[in-house]
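Asks: Handing you a structure now.
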Amino acid sequence: MIEESLITRIEPKKKMSFFEWKEISAYRDLVYYLALRDIQLRYKQTSLGIIWVILQPLVPAVIFAVLFGNFAKLPSNGQPYMLLVFCGLIPWNILNGSISRAGISLVANANLLSKVYFPRIIMPISTLGSVFIDMLVSVGVLAVLMVFFQVPLTLNILMVPVFLVLAFLMGLGVSLIVSSLNVYYRDFSLVVPFALQIWNYTSPVVYSTELIPEKWRWLYALNPTTGLLEGFRWAVLGDAPLNTTMIITTVVFSALLLFIGSMVFRKVERGFADIV
0 MIEESLITRI EPKKKMSFFE WKEISAYRDL VYYLALRDIQ LRYKQTSLGI IWVILQPLVP
60 AVIFAVLFGN FAKLPSNGQP YMLLVFCGLI PWNILNGSIS RAGISLVANA NLLSKVYFPR
120 IIMPISTLGS VFIDMLVSVG VLAVLMVFFQ VPLTLNILMV PVFLVLAFLM GLGVSLIVSS
180 LNVYYRDFSL VVPFALQIWN YTSPVVYSTE LIPEKWRWLY ALNPTTGLLE GFRWAVLGDA
240 PLNTTMIITT VVFSALLLFI GSMVFRKVER GFADIV
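Numbering (numbering that gives the first Met the number 0), first residue to last: 0 to 275.
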């Protein structure tokens, strides 16, 4: 007969809670290897490899700079329009990549979820590794563009990591909600790309907020990505002053989305292995 002291029970919590940081830390090696696997699979058997990471933001930036900067003559705060667009694409691609890749992470790894125990939240977190690599490459390209267009550095550049972290936190919060609900309702995998496209159009990714009539900017500032994108441009280009309402909205929404996402994930994860 097995002694009771030798039995280890692994059970989900009965109430919603925030991140279990100690448990995640105990499985940090698994996070590393899952992230490494995701990066290797993403660029495996590609002829251009990491060059695709450079082309993905650079090609759209060139196209939008020609269409909106040269032909449409949209305002760019006195900066090269290509730089304005590229600065918008970097945080947006972090947000878009996080939600797109982490959102399907649980369903894509169904076999692993049903056979081995580990904190399920590790799965969406580990997919952010490839997003981080993409971000590093894009920031390197941005540095080259700044030298090419002779944009001087200001002390605002010290705030760049802050806005990049906000982009990751916002993306992680949304991806936790999407990834957990996608296990129960596979419609989310079809809805998310469409929703991200709408969110892209309603965010100042390829245009400046100067395009929005001043009387409506307070309403536009309620979009959490507005402060994120404009704040990153301010940090890099150091031109227009920051809009306090936009930044506060971004910070509050990032924290709120991360909190809600973690609570929803912890609430529904107990059924993942049975349903996925």
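Backbone N, C-alpha and C define an ideal beta-carbon position, used for all residues, glycine too.
When DSSP labels each residue in this structure, what does aspartate 28 get in the three-state scheme?
Replies: The residue labelled residue 28 in the question sits at position 29 within the sequence shown. DSSP places aspartate 28 in helix when its eight states are reduced to three.
Asks: Tell me whether tyrosine 184 sits in a helix, a strand or coil according to DSSP, three-state version.
Replies: Numbered from 1 along the sequence shown, position 185 holds the residue referred to as residue 184. Looking at tyrosine 184 - three-state DSSP - the assignment turns out to be coil, as it is neither helix nor strand.
Asks: Hey, how far is the Cα of isoleucine 93 from the Cα of lysine 114?
Replies: Counting from 1 along the sequence shown, the entry for residue 93 is found at position 94. Counting from 1 along the sequence shown, the entry for residue 114 is found at position 115. Going from the Cα of isoleucine 93 to the Cα of lysine 114 covers about 31 Å.
Asks: Is DSSP giving proline 223 helix, strand or coil here?
Replies: Numbered from its first residue, the sequence shown carries residue 223 at position 224. Looking at proline 223 - three-state DSSP - the assignment turns out to be helix.
Asks: Take leucine 221 and list the residues in its own chain whose beta-carbon comes closer than 7 Å to its own, dropping the five residues that flank it on each side.
Replies: Locating residue 221 in the sequence shown gives position 222, counting from the first residue. Counting only Cβ-Cβ distances below 7 Å, and skipping sequence neighbours, we find Thr248.
Asks: At the level of alpha carbons, what is the spacing between lysine 43 and arginine 36?
Replies: Working through the sequence shown from its first residue, we reach residue 43 at position 44. Working through the sequence shown from its first residue, we reach residue 36 at position 37. Straight-line Cα distance between these residues: approximately 10 Å.
Asks: Is serine 179 near valine 263, with beta carbons less than 7 Å apart?
Replies: Position 180 of the sequence shown, counted from the first residue, corresponds to residue 179. Position 264 of the sequence shown, counted from the first residue, corresponds to residue 263. Yes, Cβ-Cβ distance for serine 179 and valine 263 is below 7 Å.
Asks: Check isoleucine 89 in the structure and name its three-state DSSP category.
Replies: Along the sequence shown, one-based indexing puts residue 89 at 90. If DSSP states are grouped into helix, strand and coil, isoleucine 89 belongs with the helices.
Asks: What are the complete beta strand (DSSP E) segments, minimum 3 residues, inside the region 202 to 260?
Replies: DSSP runs (the beta strand (DSSP E)) wholly in the region 202 to 260: none.
Asks: So, is methionine 0 buried or exposed, given that buried needs 16 or more other C-beta atoms within 10 angstroms?
Replies: Counting from 1 along the sequence shown, the entry for residue 0 is found at position 1. Reliability fails at methionine 0, whose pLDDT of 48 lies under 50, so the model's placement of it is uncertain and the value that follows must be treated cautiously. It counts as exposed.
Asks: Is it right to say glutamate 268 is buried, meaning 16 or more other beta carbons lie within 10 angstroms of its own, or is it exposed?
Replies: For the purposes of this step, residue 268 is taken as residue 269 along the sequence shown, with counting starting at 1. Buried is the call here.
Asks: How do the region 129 to 142 and the region 68 to 76 stand: do at least 3 beta-carbon pairs fall below 8 Å, yes or no?
Replies: At 8 Å Cβ cutoff, the stretches do not touch.
Asks: Classify arginine 27: buried if its beta carbon has 16 or more other beta carbons within 10 angstroms, exposed otherwise.
Replies: On the sequence shown, residue 27 is found 28 positions in, with the first residue counted as 1. Exposed.
Asks: Confirm, please, whether the CB-CB distance from serine 253 to leucine 165 is below 7 Å.
Replies: One-based indexing of the sequence shown puts residue 165 at position 166. One-based indexing of the sequence shown puts residue 253 at position 254. Cβ distance < 7 Å, so leucine 165 and serine 253 count as in contact.
Asks: State the Cα-Cα distance for the pair phenylalanine 271 and valine 235, rounded to the nearest angstrom.
Replies: One-based indexing of the sequence shown puts residue 271 at position 272. One-based indexing of the sequence shown puts residue 235 at position 236. Phenylalanine 271 and valine 235: Cα-Cα distance of roughly 42 Å.
Asks: Given a threshold of 16 other Cβ atoms within 10 Å of its Cβ, counted over all protein chains shown, does tryptophan 233 qualify as buried or as exposed?
Replies: As a first step, residue 233 is located in the sequence shown; it is residue number 234 there, counting from the start. Counting Cβ neighbours within 10 Å, tryptophan 233 comes out buried, since at least 16 surround it.
Asks: Can you name, in chain order, every residue of its own chain whose Cβ lies under 6 Å from the Cβ of threonine 153, other than the five neighbours on each side?
Replies: In the sequence shown, residue 153 corresponds to position 154, counting from 1. Excluding positions up to five away in sequence, the list reads Gly237.
Asks: Rounded to whole angstroms, what is the Cα-Cα separation between phenylalanine 258 and glycine 77?
Replies: Here residue 258 is taken as the residue at index 259 of the sequence shown, counted from 1. Here residue 77 is taken as the residue at index 78 of the sequence shown, counted from 1. The alpha-carbon atoms of phenylalanine 258 and glycine 77 are separated by roughly 38 Å.
Asks: Could you name the residues of the same chain whose beta carbon sits closer than 7 Å to that of valine 205, not counting the 5 residues immediately before and after it, in chain order?
Replies: One-based indexing of the sequence shown puts residue 205 at position 206. Cβ neighbours of valine 205 beyond the five flanking positions: Phe63, Phe67, Val84, Gly87.
Asks: Helix, strand or coil: how does DSSP classify valine 267 here?
Replies: Working through the sequence shown from its first residue, we reach residue 267 at position 268. Helix, per DSSP.
Asks: Please name the residue in Pro118, Thr208, Pro240 whose C-alpha comes closest to that of lysine 21.
Replies: Counting from one through the sequence shown, the residue named residue 21 turns up at place 22. Nearest C-alpha to lysine 21: Pro118.
Asks: What does a CB cutoff of less than 6 Å around asparagine 81 pick up in its chain, not counting 5 residues either side in sequence?
Replies: Counted from its first residue, the sequence shown places residue 81 at position 82. Reading the sequence as shown, one finds methionine at residue 81 and not asparagine. Counting only Cβ-Cβ distances below 6 Å, and skipping sequence neighbours, we find Ala60, Ala64.
Asks: Three or more C-beta pairs under 8 Å: does that hold for the region 121 to 138 against the region 98 to 108?
Replies: Judged by Cβ distances under 8 Å, the region 121 to 138 makes contact with the region 98 to 108, as three or more pairs qualify.
Asks: Buried or exposed: arginine 185, going by 16 or more other Cβ atoms within 10 Å of its Cβ?
Replies: On the sequence shown, residue 185 is found 186 positions in, with the first residue counted as 1. Arginine 185 is exposed by the Cβ-count criterion.
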